[in-house]
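> I'd like to ask you about the structure that follows.
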Amino acid sequence: QCVRRRTAFELKSLQEKLHLLRGMQAILLDIDKAVAIVRRTEEESEVVPNLMIGFGIDRVQAEYVAEIKLRHLNREYILKRTQEVAKLEKEIGNLRKILGSDAEIRKIILSELEAVARKYGKPRRSMLIYEEEREEPPEEEVPEYPVHLFFTRDGYFKKITPQSLRMSGEQKLKEGDAVARHLESTNGAELLFFTDRCAVYKARAADFPDTKASVLGEYIPARLGMEEGENAVFMAVTTDYSGFLLFFFENGKAAKVDLAAYRTKTNRRRLVGAYGNKSPLVAAGQTERDCEYLLTSSKGRMLLVHTGAVPVKATRSTQGVAVMTLRRNARLARAVPYREGMLKKPERYRKKIPASGSLPAPEETEGEQLTL
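Per the numbering used here, the sequence shown starts with residue 735, numbered consecutively.
Here you go:
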């Protein structure tokens, strides 16, 4: 396209020049008449129209003739200029031929590339390896067996086999820490660790050694080389990237992202823009099918939101849609999956979103709320 546009521009320029020279050819037949028209015209604005009438030329040609210097109004000068007509016609014919033939355009591209190679070419510094010659490193076979995966609020991870878990006692945790996710999966599962800096780090369960409940486990920020001060806040586990992830933000918005959006063709360890960054993340979740989440605002209002009402997005960094309307100085403080029996009157908190939710009914006691 570059060569085609350049050729079209050159063709247009030559055609315009040829058009002017044909106007000059017309006055060559009677230079004295042209001079007489200019001399006898009383008003300057009438010179061009009178030349157009006198020689049967158009306005562009007449403007060009009118601007010729007096010293150039002689047969020798005009003959020299009009001798270019044949040359221009030949060049215009060549350019039209090029524009009408893809083969001609390819010839120009080839010749220009060869000229660049001659002028700037340097010996190759790397060796070409063709597909049939490339030796792919054998993929390490990952042993498949069932495992229990644990992720704590402080960012610790454990992989424990069912047999070891049955023989173990209570999970050892740092003081103040708690298990945030416990999943049954396989050793070949892929792990996605989301951080408080809108990034996600990918790993495989097989990358971690089997351990026991009696140890703290692997500290994920250190194990995956996270940036200083970056913390892991949520772990997703998948074997086929089906289902979707849920993100709840302080501004009352929720985002539902297709888990397939996190699949990569290469072994990329870190992905940025893992979720929206317009508001702080309150909670994240992973689910295969739509379910209900219980949202609680900082003012104590509660709302049951069905994830089916939140549209699925293929873009990881989507900002989400408004689900909870917040009062002045309020924020979304908590979002947890709803389980039957958590509320005595769940219908009280089911609203058409976005909604501000309802204050807890008297029968929803303080003690019961703490068990959510």
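Beta carbons: idealized from backbone N, C-alpha and C, even for Gly. Just so you know, these numbers come straight off a predicted model, no measurement behind them.
1) Check residue 879 in the structure and name its three-state DSSP category.
2) Can you tell me which of the three DSSP states residue 791 falls into?
3) Would you say residue 1018 and residue 981 are within 8 Å of each other, going by their C-beta atoms?
4) Do residue 1006 and residue 1068 have their C-beta atoms closer together than 8 Å?
5) Expressed to the nearest angstrom, what Euclidean distance is found between the alpha-carbon atoms of residue 896 and residue 1025?
6) Taking the alpha-carbon positions, what's the residue 797 to residue 805 distance?
7) Among residues of its own chain, excluding the 5 on either side of residue 891, which ones have a beta-carbon nearer than 6 Å to its beta-carbon?
8) Are residue 1090 and residue 1082 close, meaning C-beta to C-beta below 8 Å?
9) Which residue marks the beginning of the beta strand (DSSP E) containing residue 992, and which one marks its end?
10) Assuming residue 1009 and residue 928 make a contact with CB atoms under 8 Å, what is their CB distance in whole Å?
11) With three or more C-beta pairs closer than 8 Å as the rule, is the region 990-1004 touching the region 1046-1061?
12) Suppose you measure from the CA of residue 1100 to the CA of residue 1041; what does that come to, to the nearest Å?
13) Assuming contact is defined by CB atoms lying nearer than 8 Å, are residue 1004 and residue 912 in contact in what I supplied?
14) Any idea if residue 867 is buried or exposed, counting beta-carbon neighbours within 10 angstroms, 16 or more meaning buried?
15) I need the straight-line Cα distance from residue 1105 to residue 915, nearest angstrom please.
16) How close, in whole Å, do the beta carbons of residue 878 and residue 922 come, if the pair is a contact with beta carbons under 8 Å?
17) Return the CA-CA distance between residue 917 and residue 851, expressed in angstroms with no decimal places.
18) DSSP three-state call for residue 779: helix, strand or coil?
19) How is residue 750 classed by DSSP in three states: helix, strand or coil?
20) Please identify the residue among 1035, 827, 1028 and 811 whose C-alpha is closest to the C-alpha of residue 765.
21) Given that a residue counts as buried once 16 or more other Cβ atoms are within 10 Å of its Cβ, and exposed if not, what is residue 741?
22) Mapping DSSP to helix, strand and coil, what is residue 924?
23) Take the Cβ of residue 769 as the centre, count every other Cβ of all protein chains shown within 10 Å, and call the residue buried at 16 or more, exposed below.
24) What is the rounded straight-line gap between the Cα of residue 842 and the Cα of residue 737?
25) In chain order, what residues of the same chain lie with their CB nearer than 8 Å to the CB of residue 1109, ignoring the 5 residues before and after it?
26) What does a CB cutoff of less than 8 Å around residue 755 pick up in its chain, not counting 5 residues either side in sequence?
27) To test your reading of the DSSP string, which unbroken alpha helix (DSSP H) runs of 4 or more residues are found completely within the region 816-848?
28) In the structure shown, what three-state DSSP assignment does residue 1047 receive?
29) Just reading off the beta strand (DSSP E) that residue 956 is part of, what are its end residues?
30) To the nearest whole angstrom, what separates the beta carbons of residue 883 and residue 939, a pair I think is in contact under 8 Å?
31) Can you name, in chain order, every residue of its own chain whose Cβ lies under 7 Å from the Cβ of residue 1030, other than the five neighbours on each side?
32) Report the residue from 1034, 973, 889 and 1021 whose alpha carbon sits nearest the alpha carbon of residue 1096.
33) Quick check on this structure: which residue in 1059, 1065 and 1094 has the alpha carbon closest to the alpha carbon of residue 1087?
34) I need the boundaries of the beta strand (DSSP E) containing residue 894, first residue and last residue.
35) If we call anything under 8 Å between Cβ atoms a contact, is residue 930 one with residue 904?
Let me spell this out:
1) In the sequence shown, the residue the question calls residue 879 occupies position 145. It is coil, neither helix nor strand.
2) Along the sequence shown, one-based indexing puts residue 791 at 57. Coil.
3) For the purposes of this step, residue 1018 is identified with residue 284 of the sequence shown, where counting begins at 1. For the purposes of this step, residue 981 is identified with residue 247 of the sequence shown, where counting begins at 1. A contact, by the Cβ cut-off of 8 Å.
4) Numbered from its first residue, the sequence shown carries residue 1006 at position 272. Numbered from its first residue, the sequence shown carries residue 1068 at position 334. Cβ distance not < 8 Å, so residue 1006 and residue 1068 don't count as in contact.
5) One-based indexing of the sequence shown puts residue 896 at position 162. One-based indexing of the sequence shown puts residue 1025 at position 291. Distance between the alpha carbons of residue 896 and residue 1025 is about 28 Å.
6) Translated into positions along the sequence shown, residue 797 becomes position 63. Translated into positions along the sequence shown, residue 805 becomes position 71. Using only the alpha carbons, I get a separation of about 17 Å.
7) By one-based count along the sequence shown, residue 891 stands at place 157. Only 885, 951, 952 and 954 meet the Cβ criterion.
8) Mapped onto the sequence shown, residue 1090 falls at position 356. Mapped onto the sequence shown, residue 1082 falls at position 348. No, the pair does not count as a contact, with Cβ atoms beyond the cut-off.
9) Within the sequence shown, the letter at position 258 stands for residue 992. Segment 987-992, the beta strand (DSSP E) holding residue 992.
10) Looking up residue 1009 in the sequence shown gives position 275. Looking up residue 928 in the sequence shown gives position 194. About 7 Å separates the two Cβ atoms, so the contact holds.
11) yes
12) Position 366 of the sequence shown, counted from the start, is the residue given in the question as residue 1100. Position 307 of the sequence shown, counted from the start, is the residue given in the question as residue 1041. Here residue 1100 scores only 47 on pLDDT, less than 50, and its place in the model should not be relied on; the value that follows carries that caveat. In a straight line, the C-alpha of residue 1100 is about 27 Å away from that of residue 1041.
13) Counting from 1 along the sequence shown, the entry for residue 1004 is found at position 270. Counting from 1 along the sequence shown, the entry for residue 912 is found at position 178. In this structure, residue 912 does not lie closer than 8 Å to residue 1004 by Cβ.
14) In the sequence shown, residue 867 corresponds to position 133, counting from 1. Legend: pLDDT at residue 867 = 49, less than 50; position of this residue unreliable, no value from coordinates given.
15) Working through the sequence shown from its first residue, we reach residue 1105 at position 371. Working through the sequence shown from its first residue, we reach residue 915 at position 181. Because the pLDDT of residue 1105 is 37, which lies under 50, any placement of that residue in the model is unreliable, and the number read from its coordinates should be weighed accordingly. Roughly 16 Å between the two C-alpha positions.
16) Numbered from its first residue, the sequence shown carries residue 878 at position 144. Numbered from its first residue, the sequence shown carries residue 922 at position 188. So it is a contact: roughly 5 Å between Cβ atoms.
17) Here residue 917 is taken as the residue at index 183 of the sequence shown, counted from 1. Here residue 851 is taken as the residue at index 117 of the sequence shown, counted from 1. So the two alpha carbons sit approximately 60 Å from each other.
18) Residue numbering aside, residue 779 sits at position 45 when the sequence shown is read from its first letter. DSSP places residue 779 in helix when its eight states are reduced to three.
19) Counting from one through the sequence shown, the residue named residue 750 turns up at place 16. Looking at residue 750 - three-state DSSP - the assignment turns out to be helix.
20) Position 31 of the sequence shown, counting from 1, holds the residue named residue 765. Here the closest residue by C-alpha is 811.
21) In the sequence shown, counting from the first residue as 1, residue 741 sits at position 7. Burial call: buried.
22) In the sequence shown, counting from the first residue as 1, residue 924 sits at position 190. The answer is strand: DSSP assigns residue 924 an E or B state.
23) As a first step, residue 769 is located in the sequence shown; it is residue number 35 there, counting from the start. When all chains shown are included, residue 769 counts as exposed.
24) Here the question's residue 842 lines up with position 108 in the sequence shown. Here the question's residue 737 lines up with position 3 in the sequence shown. Distance between the alpha carbons of residue 842 and residue 737: 8 Å.
25) The requested residue 1109 does not occur in the structure, where the chain is confined to residues 735 to 1106.
26) The residue given as residue 755 occupies position 21 in the sequence shown. Closer than 8 Å at the Cβ level, and outside the excluded window around residue 755, lie 815, 816, 818, 819 and 822.
27) 818-833
28) Taking the first residue of the sequence shown as position 1, residue 1047 is located at position 313. Three-state DSSP puts residue 1047 in a strand.
29) Translated into the one-based positions of the sequence shown, residue 956 becomes position 222. Taken as a continuous stretch (DSSP letters only), residue 956 belongs to no beta strand (DSSP E), being part of the alpha helix (DSSP H) at 954-957.
30) Looking up residue 883 in the sequence shown gives position 149. Looking up residue 939 in the sequence shown gives position 205. Sure, about 6 Å apart at Cβ, within 8 Å.
31) Taking the sequence shown and counting its residues from 1, the one referred to as residue 1030 is at position 296. Correct list, in chain order: 1036, 1067 and 1068.
32) Taking the first residue of the sequence shown as position 1, residue 1096 is located at position 362. The candidate whose alpha carbon is nearest that of residue 1096 is 1034.
33) By one-based count along the sequence shown, residue 1087 stands at place 353. Measuring from the Cα of residue 1087, the nearest candidate turns out to be 1059.
34) Translated into the one-based positions of the sequence shown, residue 894 becomes position 160. Per DSSP, residue 894 belongs to the beta strand (DSSP E) from 890-894.
35) Within the sequence shown, the letter at position 196 stands for residue 930. Within the sequence shown, the letter at position 170 stands for residue 904. Result no, Cβ atoms of residue 930 and residue 904 do not sit closer than 8 Å.
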